[in-house]
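Q: I am attaching a structure below and will ask some questions about it afterwards.
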Amino acid sequence: MPYKKKVMFISFDAIAVSGITVEAAKLACYLNNKGFESFIDLGYDIKIDKGNFAKPYSCYEKSIFDKHFKLVRINDIHLLKNYTPEFIDKVNNSLIKCTTKINLIEKNKLLEQIDIVANELSEIIFKIWNKLQITHLVIENGTLPENIIYTKALYKSIEKYGSQKNLACFVLWRDHDLMWNSETLSKKYGQEPWHYAIKPIKSKYIKYVTLNNSLAKKLKDWSKQDINIDVMRNTYLFNNNNHDRINIRDRFNITKNDFLIARTTRIIPEKKLERDIYLVKKLNDLYTKNNKSCSIYLIIAGDEKENSDYSHYLRKYIKELELENFIRFSGPLQHDFIENENNKPTIQDLYYSSDMVSFLTSYDYDSYGNPIGEAISHNRCYISTSYEYYHEVYGQHGFKTELMNISPKEDGLPDDDFIQRVYNLINDQNKTAALVKHNFNIGKNLLSNQVINKIFNI
Numbered sequence: 001m002p003y004k005k006k007v008m009f010i011s012f013d014a015i016a017v018s019g020i021t022v023e024a025a026k027l028a029c030y031l032n033n034k035g036f037e038s039f040i041d042l043g044y045d046i047k048i049d050k051g052n053f054a055k056p057y058s059c060y061e062k063s064i065f066d067k068h069f070k071l072v073r074i075n076d077i078h079l080l081k082n083y084t085p086e087f088i089d090k091v092n093n094s095l096i097k098c099t100t101k102i103n104l105i106e107k108n109k110l111l112e113q114i115d116i117v118a119n120e121l122s123e124i125i126f127k128i129w130n131k132l133q134i135t136h137l138v139i140e141n142g143t144l145p146e147n148i149i150y151t152k153a154l155y156k157s158i159e160k161y162g163s164q165k166n167l168a169c170f171v172l173w174r175d176h177d178l179m180w181n182s183e184t185l186s187k188k189y190g191q192e193p194w195h196y197a198i199k200p201i202k203s204k205y206i207k208y209v210t211l212n213n214s215l216a217k218k219l220k221d222w223s224k225q226d227i228n229i230d231v232m233r234n235t236y237l238f239n240n241n242n243h244d245r246i247n248i249r250d251r252f253n254i255t256k257n258d259f260l261i262a263r264t265t266r267i268i269p270e271k272k273l274e275r276d277i278y279l280v281k282k283l284n285d286l287y288t289k290n291n292k293s294c295s296i297y298l299i300i301a302g303d304e305k306e307n308s309d310y311s312h313y314l315r316k317y318i319k320e321l322e323l324e325n326f327i328r329f330s331g332p333l334q335h336d337f338i339e340n341e342n343n344k345p346t347i348q349d350l351y352y353s354s355d356m357v358s359f360l361t362s363y364d365y366d367s368y369g370n371p372i373g374e375a376i377s378h379n380r381c382y383i384s385t386s387y388e389y390y391h392e393v394y395g396q397h398g399f400k401t402e403l404m405n406i407s408p409k410e411d412g413l414p415d416d417d418f419i420q421r422v423y424n425l426i427n428d429q430n431k432t433a434a435l436v437k438h439n440f441n442i443g444k445n446l447l448s449n450q451v452i453n454k455i456f457n458i
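Quick note: the sequence shown uses full-length UniProt numbering, first residue 1, plus one each step.
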């Protein structure tokens with residue numbers, strides 16, 4: 001029997017569908033086509049704030065990932081002494097956020113407990129890799145201190161597994177978010193210098209990558225290690241394949257003459273969806289003022305159940321602005337490479353049906369901005385805020401659009417200037433077409449998936 005390459009993805013995101021799991025699925029799809037077999041642990045027992053700790057995988061998760069992954073996890077992890085949400089939360093509050101004050105004796109005792117649990121956990125992790133005959137690992141967001149017990153255990157397992165199997169570099173450690181670029185205003189991960197977060201180690205078994213040069217430089221400086229950290233951007237398909245696309249407009253009674261804005265997102269406060277709603281209100285007011293016969297519509301694609309309070313707020317806001325006829329919630333949509341049902345609309349169908357893609361996110365939440373790259377690869381115009389990493393990821397490379405200028409202190413609703421600029425762009429087809437062509441030509445060279453070959457050497 002020929003040697004089978006097997007790759008396990010371990011996500012620290014603890015949610016089924018997110019930018020991180022989408023990127024994992026893209027990479028798995030590519031590797032599977034090269035002869036790999038892919039597994040994924042969604043991290044339900046790693047990150048506790050998503051409420052999925054010890055929650056069994058359901059038909060929902062299996063249906064999402066069945067195309068590309070076998071779902072795996074440590075089934076009895078919760079039986080480990082002290083490996084509980086309460087203990088993990090105590091560690092986070094005492095050592096990372098520092099919201100719980102403890103004295104030196106208590107701190108040393110807590111650190112001893114962490115080492116004990118991490119050692120036990122690393123043995124279990126090693127056994128699972130050994131049982132599945134894993135040949136490669138992809139660690140998604142492992143440095144972010146969501147659970148330093150698990151991160152510490154992973155490093156121990158990697159060194160032992162690599163040594164016993166006599167492996168060369170077999171781990172891709174990909175940090176999408178880090179403490180200094182994720183929810184900095186809320187100080188979710190405390191403040192520098194993060195003494196007890198687990199720093200990258202110099203290891204012949206691990207290749208570290210981040211999404212941009214700024215993150216790579218700061219991660220290396222913080223680690224105080226002589227390690228190479230490469231940049232591996234999120235990637236997109238630039239094949240212009242619109243064959244057999246579903247026109248979502250028909251399902252929402254939106255005519256071909258109306259202008260459709262798409263917002264593909266998690267429905268959480270950090271994504272600032274009230275901005276899109278307010279923008280649609282103001283744009284339609286301008287259409288009425290200027291006697292336009294068509295209207296502006298917005299389709300929001302995301303899971304309203306993730307944060308029901310915020311979803312309820314948005315629905316109420318839409319009603320207050322009398323926009324019920326102009327804003328649609330499609331529910332969560334999957335990507336083509338994930339969705340299994342042939343007649344079910346996908347994110348690609350929404351992009352195909354839309355005229356513009358919006359990414360009016362908050363200043364400090366997103367470190368990349370996948371919907372922008374997706375818009376570019378689908379030949380669609382996009383609008384965005386000047387969120388903290390926009391210039392690093394897109395702006396400096398020459399991508400062009402109308403930006404809503406924001407800052408840590410100015411992160412509210414769109415102002416009249418931005419609204420007018422978007423209105424002008426919508427009504428200038430020549431400018432829109434030129435922007436789309438300009439961005440597509442840059443994107444197909446910068447954001448295509450050719451860079452993956454360099455990481456896996458295949």
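C-beta: ideal position from N, C-alpha, C; glycine also.
Remember, it's a predicted structure, so these values are computed and weren't measured experimentally.
Exposed or buried, which one is M1 when buried takes at least 16 other CB atoms within 10 Å?
A: Residue confidence is low: M1 scores 38 on pLDDT, short of 50, so the model does not pin down where it sits. No coordinate-derived value is stated.
Q: Give me the residue from Q164, D115 and P200 with the minimum Cα distance to residue 465.
A: Nothing about residue 465 can be read from this structure; the chain reaches only from 1 to 458.
Q: Verify whether the separation of the beta carbon atoms of L95 and Y196 is less than 7 angstroms.
A: Contact: yes.
Q: Which residue spans inside the stretch 311–395 form an unbroken beta strand (DSSP E) run of at least 3?
A: Within the stretch 311–395, the complete beta strand (DSSP E) runs of at least 3 residues are 327–329, 356–359 and 381–385.
Q: Could you check what DSSP says for D230 in three-state terms: helix, strand or coil?
A: The answer is strand: DSSP assigns D230 an E or B state.
Q: Which residues share a DSSP beta bridge with D175?
A: Per DSSP, T210.
Q: At 3 residues or longer, and completely inside the stretch 6–68: list those beta strand (DSSP E) runs for me, N to C.
A: The qualifying runs are 36–41.
Q: Going by beta carbon distance, what residues of the same chain come within less than 6 angstroms of D355, once the five residues before and after it are set aside?
A: Taken in chain order, the residues that qualify are F259 and L260.
Q: Apply the 10 Å Cβ neighbour rule to S11 and answer buried if 16 or more other Cβ atoms are within range, or exposed otherwise.
A: It counts as buried.
Q: So the beta strand (DSSP E) A301 belongs to, where does it begin and stop?
A: Per DSSP, A301 belongs to the beta strand (DSSP E) from I296 to A301.
Q: In chain order, what residues of the same chain have a beta carbon less than 7 angstroms from the beta carbon of S353, not counting five sequence neighbours either side?
A: Excluding positions up to five away in sequence, the list reads N247, I248, R249 and L260.
Q: Please report the distance separating the alpha-carbon of S358 from that of V280.
A: Taking the straight line joining both Cα atoms gives about 11 angstroms.
Q: Is the beta carbon of G443 sitting closer than 7 angstroms to the one on S377?
A: For G443 and S377, yes; Cβs fall inside 7 angstroms.
Q: Would D45 and F53 be called neighbours here (beta carbons separated by less than 7 angstroms)?
A: Their beta carbons are under 7 angstroms apart, which means D45 touches F53 by this criterion.
Q: Indicate whether the contact test is met: 3 or more Cβ pairs, each with one atom in the stretch 265–272 and one in the stretch 291–299, closer than 8 angstroms.
A: Segments in contact, no.
Q: Just tell me which of F337, L321, K272 and T346 has its CA closest to the CA of G331.
A: Answer by Cα proximity: T346.
Q: Our contact map puts K188 next to I227 with C-beta atoms below 8 angstroms; I'd like the distance itself, whole angstroms only.
A: That belief does not hold up - the Cβ atoms of K188 and I227 are roughly 26 angstroms apart, past 8 angstroms.
Q: When you compare only the Cα positions, how much space is there between N175 and V393?
A: In the sequence as presented, Asn is not what sits at residue 175; that position holds Asp. Roughly 15 angstroms between the two C-alpha positions.
Q: What are the partner residues of L137, as DSSP defines its beta bridges?
A: Answer is M8 and V171.
Q: List the endpoints of the continuous alpha helix (DSSP H) containing T432.
A: Looking at the DSSP string, the run of the alpha helix (DSSP H) that includes T432 is Q429 to L446.
Q: Only counting the same chain, and skipping five residues up and downstream in sequence, which positions put a Cβ closer than 6 angstroms to that of G162?
A: Within the same chain, G162 has close Cβ partners Y205.
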